[in-house]
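Undergrad: Numbering (our numbering), first residue to last: 24 to 577.
For glycine and all other residues, C-beta sits at the position ideal for the given N, C-alpha and C.
Bear in mind that the values here come from a model prediction, so they are computed numbers and not experimental data.
Below you will find the structure I want to go over with you.
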């Protein structure tokens, strides 16, 4: 990050289209972070992106200049180009950050970015890749006098299989857009009756208002449009679900009012779709189009059977994306929260809260995501009768469906949850101050869900931030009631945790108004966890009993 007293290179991104081949190429999802300090500046960033080359996603950055009272914190888009991960060995890639380099005014410690000075930056990183984990490093100028800073970090990469094969042809010429897609149905779907859909996520400012029937509801925003000219870092223009009508105009739709492109038997030959047929780009600029299929639009979205086709160039762009794995909450409702992990096109979510008697309780939901990971809809499930903290294994009773849950994400760290308790704004939780922007601790295991596959029904959610760990155990009490325990402690050694389980009660229930909980115990039982790798561990439970843990892949 180029930092000359008042000029610092930060991090954002430019727009690019993913190439989609006939075989439905496997996509890579990358997550990581880096940091670098000088005598006058501290810098730390985390990032995630999806795609082979380019890899497109978002970042979160904190940079602090010694002359400023407060740090700059940015969350925006991010692109990697040139990264080759086919075989282990040395790597080199450009990390492109758009609207990233800027000048600021410093007045007695009050530092303000001058918006008219924001411009692009590209940082060339080199490093190594061992097949599952990579290291990155870059040395860049800090000023115009020869000063330098070295940025060091690491990343992981997972392969994501698309829901179905597709080819795309997109042309934007002469002020008109022409986008065609050809999809192949999955083998298990061929011969069944279904509907094919073409739809979009578009800036609400170019979309006609929805015409809803009684009982229909609109999805929450699937992002906020971002400018492509660097004039402003973000906007308040919502990105909404829409379709092109017969007049070539975008109209907002609900999942239940979405119209099928074609319906009938899904054949082995697939389906050609004229997604956009000669519509003026001024009418649809910044819109991202999708195609998908299912028994209904709700089924298509619930099963994740849709793919990104193309984004029409525009001054404001809507490009939905997935959330970050980790702890989420509503800051106005402290005492209950949500553990969320994204794995490829799938999500596993749990909510920890309280029942109407004040006893701790939890619910889960899991399944496929839609619209580039920005949307999940599924059943809200409750369990009982399973294994207690120190007890022998006992399988829980079958799940009880208590309603549905919808998660709609506006960016990697913010979203809306709609469940039986109503709509709730949610966001990523800082376990400790600046935990979300701090570089990863050395040698940390993977954050997310952990379990013993021979003890299904009980699990643990663990996240590391800035030298701390926050973990919860989801299980059952001696009477078979669902119960959760919590702990949060510093981790001088990220692969060794020793502490006590805490318990809380009398907080907010699923349908109830907010009320703060109370801690009823800070010593339910002691525990230790020793991690033998980033994905395996041994936990010591009450009475000295041990259980093997591993990352839960879903």
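When you compare the CB positions of residue 550 and residue 519, do they come within less than 8 Å of one another, or not?
TA: no
Undergrad: Contact defined as beta carbons within less than 8 Å: I believe residue 532 pairs with residue 379. What is the distance between those atoms, to the nearest angstrom?
TA: 5 Å
Undergrad: Give the DSSP-derived three-state secondary structure of residue 324 in the structure shown.
TA: helix
Undergrad: Distance, Cα to Cα, residue 441 vs residue 144?
TA: 38 Å
Undergrad: The beta strand (DSSP E) spanning residue 389 covers which residue range?
TA: In this chain, the beta strand (DSSP E) harbouring residue 389 covers 383 to 391.
Undergrad: Using the three-state DSSP reduction, which class does residue 239 fall into: helix, strand or coil?
TA: coil
Undergrad: Can you list, in chain order, the residues of its chain whose CB lies under 6 Å from that of residue 546, leaving out five sequence neighbours each side?
TA: 523
Undergrad: Which residues in the same chain as residue 475 place their Cβ atom closer than 7 Å to its Cβ, once the five residues preceding and following it in sequence are excluded?
TA: 570, 571, 572
Undergrad: Would you mind working out which of 540, 568, 574 sits nearest residue 556, comparing C-alpha positions?
TA: 574
Undergrad: Taking 8 Å as the cut-off, decide whether the C-beta atoms of residue 310 and residue 273 are in contact.
TA: yes
Undergrad: Pick out the complete beta strand (DSSP E) segments inside the stretch 407 to 448, 3 residues or longer, and give them in chain order.
TA: If we require 3 residues or more, the beta strand (DSSP E) runs fully inside the stretch 407 to 448 come out as 423 to 434, 437 to 442.
Undergrad: Express the C-alpha separation of residue 342 and residue 399 in angstroms, rounding to a whole number.
TA: 16 Å
Undergrad: Based on the DSSP output, what are the partners of residue 494 in its beta bridges?
TA: 485, 510
Undergrad: Start and end of the alpha helix (DSSP H) containing residue 307?
TA: 304 to 307
Undergrad: Determine the extent of the beta strand (DSSP E) in which residue 64 is found, giving its start and end residues.
TA: 64 to 73
Undergrad: Take residue 282 and list the residues in its own chain whose beta-carbon comes closer than 7 Å to its own, dropping the five residues that flank it on each side.
TA: 266
Undergrad: Using the rule of at least 16 other Cβ atoms within 10 Å of the residue's Cβ for burial, across every protein chain shown, is residue 534 buried or exposed?
TA: Answer is exposed; the Cβ neighbour count stays below 16.
Undergrad: Can you tell me whether residue 378 is helix, strand or coil according to DSSP?
TA: In the structure shown, residue 378 falls within a coil segment according to DSSP collapsed to helix, strand and coil.
Undergrad: Taking C-alpha atoms, which residue in 552, 517, 457, 431 lies nearest to residue 97?
TA: 457
Undergrad: For residue 83 and residue 436, which I take to be in contact (beta-carbon distance under 8 Å), what is that distance rounded to the nearest angstrom?
TA: 7 Å
Undergrad: Tell me which residues share the same chain as residue 87 and place their Cβ nearer than 6 Å to its Cβ, disregarding the 5 neighbours each side in the sequence.
TA: 65, 94
Undergrad: Can you tell which of 74, 517, 153 has the C-alpha that lies nearest to the C-alpha of residue 367?
TA: 74
Undergrad: Which residue comes first and which comes last in the beta strand (DSSP E) that contains residue 501?
TA: Where residue 501 is concerned, there is no enclosing beta strand (DSSP E), given that its DSSP letter is neither H nor E.
Undergrad: Considering just the uninterrupted stretch of the beta strand (DSSP E) at residue 208, what are its terminal residues?
TA: Unbroken run through residue 208: none, as it is neither H nor E.
Undergrad: Using CA coordinates, which residue listed in 500, 504, 496, 516 is at the minimum distance from residue 510?
TA: In terms of Cα proximity to residue 510, the closest of 500, 504, 496, 516 is 496.
Undergrad: Would you kindly work out how many angstroms separate the C-alpha atoms of residue 326 and residue 317, rounded to a whole number?
TA: 8 Å
Undergrad: From residue 172 to residue 119, what distance separates their C-alpha atoms?
TA: 18 Å
Undergrad: With a CB to CB cut of under 6 Å and the five nearest residues on each side skipped, what residues in its chain are close to residue 54?
TA: 71, 179
Undergrad: Going residue by residue through the stretch 216 to 286, where are the continuous beta strand (DSSP E) segments of at least 3 residues, counting only ones entirely within it?
TA: Every beta strand (DSSP E) of 3 residues or more that sits fully in the stretch 216 to 286 is shown, in chain order, as 216 to 226, 262 to 267, 273 to 275.
Undergrad: Does residue 332 pass the burial test, meaning 16 or more other C-beta atoms within 10 Å, or should it be called exposed?
TA: Buried, by the Cβ-count rule.
Undergrad: Alpha carbon to alpha carbon, how far is residue 190 from residue 292?
TA: 13 Å
Undergrad: I want to know whether the stretch 100 to 108 touches the stretch 355 to 367 - three or more CB-CB distances under 8 Å.
TA: no
Undergrad: Quick check: does the Cβ of residue 498 come within less than 7 Å of any heavy atom belonging to the ligand ATP?
TA: Of the ligands one can find in the structure shown there are none, so the ligand ATP has no counterpart to examine.
Undergrad: How big is the Cα-Cα spacing for residue 480 and residue 347?
TA: 24 Å
Undergrad: Do you know how far the Cα of residue 323 is from the Cα of residue 217?
TA: 10 Å
Undergrad: Would you say residue 58 and residue 462 are within 8 Å of each other, going by their C-beta atoms?
TA: yes
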